[in-house]
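If you read the sequence shown in the working numbering, its first letter stands for residue 110, the second for the next number, and so on.
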Amino acid sequence: MSMYRQFWLAIVTSMLLAFGGSLVASLLSARAYLEAELSIKNADNATALALAISLSKPDAAMVELSTAALFDSGRYELIRVVDPEGATLVEKSAIPDDPDAPEWFVQLLPIAAIPGTAQISSGWEQVGTLTVISNRRFAYTALWQGVWRVVAALALASVVAGGLGWLIVGRLKAPLQAVIEQATAITERRFVTIDEPGVPELKRLAMAMNATVRRLGTIFTEEAARLEQLRQDANFDPLTGLANRNHFMAQLQQWLDAEHAGQGTLLLIRLAHLAERNRRLGRSTTDEFL
């Protein structure tokens with residue numbers, strides 16, 4: 110796997126972990142808040158209803174009428190009144206309506222609020238105990254809507270993080286690609302330097318590669334000059350600059366062996382008594398003559 114893919118894999122993995130962790134934390138926090146709010150609501154409603162019944166004549170008819178009026182509002186799952194001996198005086202219960210949330214979500218995040226309880230009394234006499242449980246349908250709906258808001262926010266954050274990651278990868282990829290092209294150019298005996306990027310680590314890499322390229326360029330230039338000098342010394346006469354016998358004969362033979370060789374004329378010039386002239390006039394004078 111390439112470095113870029115590993116980098117993207119690390120970014121995506123980090124984003125998914127952050128996404129999942131934030132979502133779970135938000136859900137648990139929201140559920141705890143809703144459970145606390147429902148518990149407070151249960152307690153407040155139970156206290157208010159018990160106080161209203163206690164201030165009036167707390168007989169069976171009054172208790173039945175008051176609990177029925179409150180229950181018919183549709184915001185409660187259970188309203189129960191029991192006497193001091195535990196016998197049920199009034200009980201109103203209903204199966205909660207389906208919330209605007211999928212069943213699996215309700216099963217995954219059950220909301221368990223503490224029922225509200227309050228004492229109904231008539232003067233100093235305790236008439237009974239009132240228990241109130243609010244309908245949790247609204248809590249599930251609010252929690253489900255909150256999930257979508259959190260998902261939308263996290264998705265937006267992921268898009269922003271992905272864009273930043275793309276910019277960072279692009280900023281890292283361009284200098285590395287330049288180094289790769291520079292190394293490829295070296296194999297082709299092209300010694301080019303690259304711009305030094307702003308990233309400190311890549312800047313040091315570019316500086317090292319540029320220094321290597323300059324050094325290799327100098328070495329190759331010196332080596333090429335040395336090889337050219339060796340070729341000149343091996344194939345050409347140092348005095349006249351003309352091809353020596355071996356080189357001349359090799360070129361002549363190559364021309365003669367060529368498949369499409371044209372016609373030509375070979376002119377041989379020989380200087381007679383060159384050794385005698387060299388002995389009589391001296392080597393330097395003879396060299397100037399040649």
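Where a beta carbon is used, it is the ideal one built from N, C-alpha and C, also for glycine. Fair warning: this is a prediction, and the values are worked out from it, not measured in the lab.
For valine 308, the three-state DSSP class (helix, strand or coil): In this structure, DSSP gives valine 308 a state outside helix and strand, which the three-state scheme calls coil.
The region 146 to 161 / the region 219 to 226 touching (three or more Cβ pairs under 8 angstroms): Touching, yes, given that three or more Cβ pairs across the two stretches are closer than 8 angstroms.
Runs of alpha helix (DSSP H) lying entirely within the region 290 to 378, each at least 4 residues, in chain order: 309 to 344 and 354 to 366
Alanine 170, enclosing alpha helix (DSSP H) - first and last residue: 169 to 180
One or two residues paired with serine 202 in a DSSP bridge: Leu187
Distance between leucine 361 and glycine 373 (C-alpha atoms, nearest Å): 11 angstroms
Given 8 angstroms, three or more beta-carbon pairs between the region 236 to 245 and the region 178 to 197: yes
Where the beta strand (DSSP E) containing leucine 239 begins and where it ends: 234 to 243
N- and C-terminal bounds of the beta strand (DSSP E) containing isoleucine 229: Isoleucine 229: member of the beta strand (DSSP E) spanning 225 to 231, first to last residue.
Extent of the continuous alpha helix (DSSP H) to which glutamate 194 belongs: From DSSP, glutamate 194 is part of no alpha helix (DSSP H); its letter is neither H nor E.
Rounded separation between serine 202 and leucine 179 - CA only: 12 angstroms
Residue range of the unbroken alpha helix (DSSP H) whose run includes leucine 217: Per DSSP, leucine 217 is one residue of the alpha helix (DSSP H) stretching across 212 to 217.
C-beta atoms of leucine 132 and valine 259 nearer than 8 angstroms: yes
Close-in-space but distant-in-sequence residues of the same chain around leucine 365 (CB under 6 angstroms, 5 per side omitted): none
Sufficient close CB pairs (3 or more, under 8 angstroms) joining the region 283 to 296 to the region 317 to 330: yes
Cutoff 7 angstroms; reference serine 175; Cβ partners in own chain excluding five residues on either side: Leu158, Ala161 and Ile162
Inter-residue Cα distance where the pair is histidine 336 and arginine 299: Per the sequence presented here, residue 336 reads as leucine, with histidine not at that position. Spanning the two alpha carbons is a distance of roughly 18 angstroms.
Straight-line gap, arginine 389 to alanine 359 (C-alpha atoms, nearest Å): Taken atom to atom, the span from the alpha-carbon of arginine 389 to that of alanine 359 is near 34 angstroms.
At least 3 beta-carbon pairs within less than 8 angstroms: the region 207 to 215 vs the region 245 to 256: yes
8 angstroms Cβ cutoff met for isoleucine 303 and alanine 287: yes
Rounded Cβ spacing between phenylalanine 128 and leucine 263 (contact assumed at less than 8 angstroms): 5 angstroms
Aspartate 209 in three-state terms, based on DSSP: coil
Buried versus exposed, by CB contacts within 10 Å (16 or more), proline 284: buried
Cα-Cα separation between serine 230 and aspartate 168, rounded to whole angstroms: 10 angstroms
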